[in-house]
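Residue numbers for the sequence shown, in the UniProt record's numbering: 1 to 188.
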Amino acid sequence: MTYFWNGNRSNKFDGETWQEVPSDVVPFEQRPWMKAAEITDAVVSAIASGKYGMIRLNFANGDMVGHTGVYQSVLVAVETLDICVQRIREAVEAAGGVMVITADHGNSDDMYEHDKKGNVKMEDGRPARKTSHSLNPVPCIVYDPGFKGEYTSELKTGLGISSIPATCMELLGFVPPAEYDSGVLNLK
């Protein structure tokens, strides 16, 4: 995640703190919760420390387990993330922060192959597994428990992942550079 966020650079910028939670060496369908709890523990601790103005993290469960095509494992992966996001939301709220949730693509949202009419394709009497990224739009959720009306509650539409840096800058009180894509907030 950091590599892409930092403009395809693998080196750390001044002022950044990196923390990596190493992955298990087990097939994802056998351990669909992956390291989500450990990542959440680290993030909740970092939020509570008050040392950081911004924390970004990546939960890979929906993507990596989605690639397996094993539906029951994907359910466990996504339910795990529900619990983890709730814990982070509570920590953000306690710290007086804001949380932005998004993704750069879908995967677990569309587990079966479809024909041109939208019907699920069958393979040996079962739905044909889809193990590739979906082309569905991904959500962008801004959770701001301290919202004071500084932007409208409706986000701009038709934007993509490249709008997230400007959005984060605006939420942190900065004006994004002109060459950035527009943020998703309708500032007042």
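Glycine residues also receive a C-beta, built at the ideal position from the N, C-alpha and C atoms.
Near residue i, what residues of its chain come up, given a Cβ to Cβ distance below 8 Å and the 5 sequence neighbours on each side ignored?
i: Asn-186; result: Tyr-151, Thr-152, Glu-154, Leu-155 and Lys-156
i: Ser-132; result: His-67 and Asn-107
i: Ala-42; result: Gln-19 and Val-21
Which residue wins for smallest C-alpha separation from residue i, given the options the options?
i: Gly-160; options: Leu-135, Ala-95 and Gln-86; result: Leu-135
i: Gly-53; options: Lys-188, Gly-173, Pro-177 and Ser-182; result: Gly-173
i: Asp-109; options: Trp-33, Lys-130 and Phe-147; result: Lys-130
i: Ala-94; options: Trp-5, Tyr-143, Gln-72 and Phe-59; result: Tyr-143
i: Gly-158; options: Ala-178, Ser-182 and Gly-149; result: Ser-182
i: Gln-30; options: Met-99, Ser-45 and Ser-73; result: Ser-73
i: Leu-171; options: Glu-123, Gly-97 and Thr-17; result: Gly-97
In its own chain, which residues sit with a C-beta less than 7 Å from the C-beta of residue i, not counting the 5 before and 5 after it?
i: Tyr-180; result: Pro-165 and Ala-166
i: Ile-83; result: none
i: Val-76; result: Pro-32 and Trp-33
i: Thr-40; result: Cys-84, Arg-87 and Ile-88
Compare the C-beta of residue i against all C-beta atoms of chain D and say whether one is closer than 8 Å.
i: Pro-145; result: Among the chains in the structure shown there is no chain D, since it carries only a single protein chain.
By the three-class DSSP mapping on this structure, what secondary structure does residue i have?
i: Tyr-3; result: helix
i: Leu-171; result: helix
Using C-beta distances below 6 Å, list every residue in its chain close to residue i, excluding the 5 sequence neighbours before and after it, in chain order.
i: Glu-38; result: Val-21
Review point. For the segment 83-101 against the segment 115-127, are there 3 or more C-beta pairs whose distance is under 8 Å?
Key: no
**Study point:** Complete runs of the alpha helix (DSSP H) confined to the segment 65-144 [at least 4 residues]
**Key:** 71-95
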